[in-house]
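Visitor: With this note's numbering applied, the sequence shown has no gaps in its numbers, which climb one by one up to 318 at the end.
For each residue, glycine too, the CB sits at the ideal point set by N, CA and C.
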Amino acid sequence: MFDAFPPLHILLTKGPFVFAFDFGRYLVAAAVVAAIVWGLRRTTLRTRKIQAREATMADKRREFAQSIQTVCVYTLVSAFIIWGVDAGVLQRFQGSYGWAGDLALLAALIVAHDTYFYWVHRAMHHPRLFKTFHRAHHRSITPTPWAAYSFAIPEAFVMIAFVPIWLVFVATPGWVMLSWILFQIVRNAMGHAGFELHPRWWLSTPVTRWINTTTHHDLHHNGGFNKNYGLYFTWWDKIMGTEHPRYAARFAEVVAGDRKLAARPARTVTA
Ligand SMILES: [Zn+2]
Ligand SMILES: [Zn+2]
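Quick look at the structure:
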């Protein structure tokens, strides 16, 4: 009876699997990054906590609830994407370009997504769009890995829209799509970790300095609101002059381990 509207049929038959897969990858990525941070904060690396403020339980609950909401939007849109592939509007590709070709395509996909993210993210900071699209994400002043998918419904649609746009133009092997999807959620969880996970030499080499750190996105959430829009790479922020002026200095402070946690009260000795 639902054959008259294929996306609904796809949603009812494949939706639960799509939801389980997408929720699962969010849950595993966020939980693993949160566990790593929890463990490292009990070592000498604890000074890598970027902000003195601690995220509250209410912050984490909100981030988790909004992320489930995002998974629901992704599941809904996925039904239309599968429909588009079945109908031949979006490209279906079950072959391979060879391992070198596939890896080059994966790199191109990551670079294209980074570009898409930079510009839609920057657009969503426009005063006319911010409240509807992006304010929900920025309610996290001190983000945690659970904020990886913490979007308002309109922002979730903007985020997933990259997939059908890409598939209109590029026939992409399944494993390349899957690798990008996993890479994306891991980097997203790391970006919101609130704890610097990259080596201290990261900004000193000509290659790694172009790859985002947790400090980079943390600054965007806390004070550097109209700076550091980038997702995986720093080049768009550098080219467009939107990199936070204190990014490198802040990163150096965080990894140097010589910072006093301002919020920690001085210990008083009583007789
Ligand atoms: Zn933002
Ligand atoms: Zn964020």
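With 16 other CB atoms within 10 Å as the buried threshold, where does N275 fall?
Guide: Here residue 275 is taken as the residue at index 228 of the sequence shown, counted from 1. Its Cβ being crowded by 16 or more others within 10 Å, N275 is buried.
Visitor: Do the segment 252 to 266 and the segment 165 to 183 make contact, defined as three or more Cβ pairs closer than 8 Å?
Guide: Too few Cβ pairs lie closer than 8 Å, so no.
Visitor: Tell me the DSSP bridge mates of I258?
Guide: What you label residue 258 is simply residue 211 of the sequence shown in a count that begins at 1. Answer by DSSP bridge pairing, in chain order: F280.
Visitor: Please list, following the chain, all residues that have a C-beta closer than 7 Å to any non-hydrogen atom of ligand 2.
Guide: Qualifying residues come out as H184, S187, P190, A194, G238, H239, H264, H267, H268.
Visitor: Count the CB pairs spanning the segment 183 to 194 and the segment 101 to 108 that are closer than 8 Å, and state whether there are at least three.
Guide: With a cut-off of 8 Å, the segment 101 to 108 and the segment 183 to 194 count as touching, because enough Cβ pairs lie within range.
Visitor: Near Y165, what residues of its chain come up, given a Cβ to Cβ distance below 6 Å and the 5 sequence neighbours on each side ignored?
Guide: Looking up residue 165 in the sequence shown gives position 118. Around Y165: Y276, G277, W283.
Visitor: Just to confirm the assignment, what range does the alpha helix (DSSP H) spanning P178 have?
Guide: Along the sequence shown, read from residue 1 onward, the residue named residue 178 stands at position 131. At residue 178 the sequence reads Lys, which differs from the Pro that was named. K178 -> alpha helix (DSSP H) spans 174 to 180.
Visitor: When you compare only the Cα positions, how much space is there between A154 and A67?
Guide: Reading the sequence shown from its first residue, position 107 is the one you call residue 154. Reading the sequence shown from its first residue, position 20 is the one you call residue 67. Looking at the two C-alpha atoms, the distance is approximately 27 Å.
Visitor: Do S114 and S197 have their beta-carbon atoms positioned less than 7 Å apart in this structure?
Guide: Here the question's residue 197 lines up with position 150 in the sequence shown. Here the question's residue 114 lines up with position 67 in the sequence shown. Yes, Cβ-Cβ distance for S197 and S114 is below 7 Å.
Visitor: Specify the secondary structure class of A240 as computed by DSSP and reduced to three states.
Guide: If you number the sequence shown from 1, residue 240 lands on position 193. Three-state DSSP puts A240 in coil, outside helix and strand.
Visitor: Do you know how far the Cα of H245 is from the Cα of W193?
Guide: Here residue 193 refers to the residue found at position 146 of the sequence shown. Here residue 245 refers to the residue found at position 198 of the sequence shown. Approximately 19 Å between the Cα atoms of the pair.
Visitor: Apply the 10 Å Cβ neighbour rule to M287 and answer buried if 16 or more other Cβ atoms are within range, or exposed otherwise.
Guide: In the sequence shown, counting from the first residue as 1, residue 287 sits at position 240. Label assigned to M287: exposed.
Visitor: Give every residue of the same chain whose Cβ lies closer than 6 Å to the Cβ of S226, excluding the five residues on either side of it in the sequence, and list them in chain order.
Guide: For this step, residue 226 is matched to residue 179 along the sequence shown. Closer than 6 Å at the Cβ level, and outside the excluded window around S226, lie L153.
Visitor: When you compare only the Cα positions, how much space is there between F298 and R89?
Guide: Within the sequence shown, numbered from 1, the residue matching residue 298 stands at position 251. Within the sequence shown, numbered from 1, the residue matching residue 89 stands at position 42. One C-alpha to the other measures close to 20 Å.
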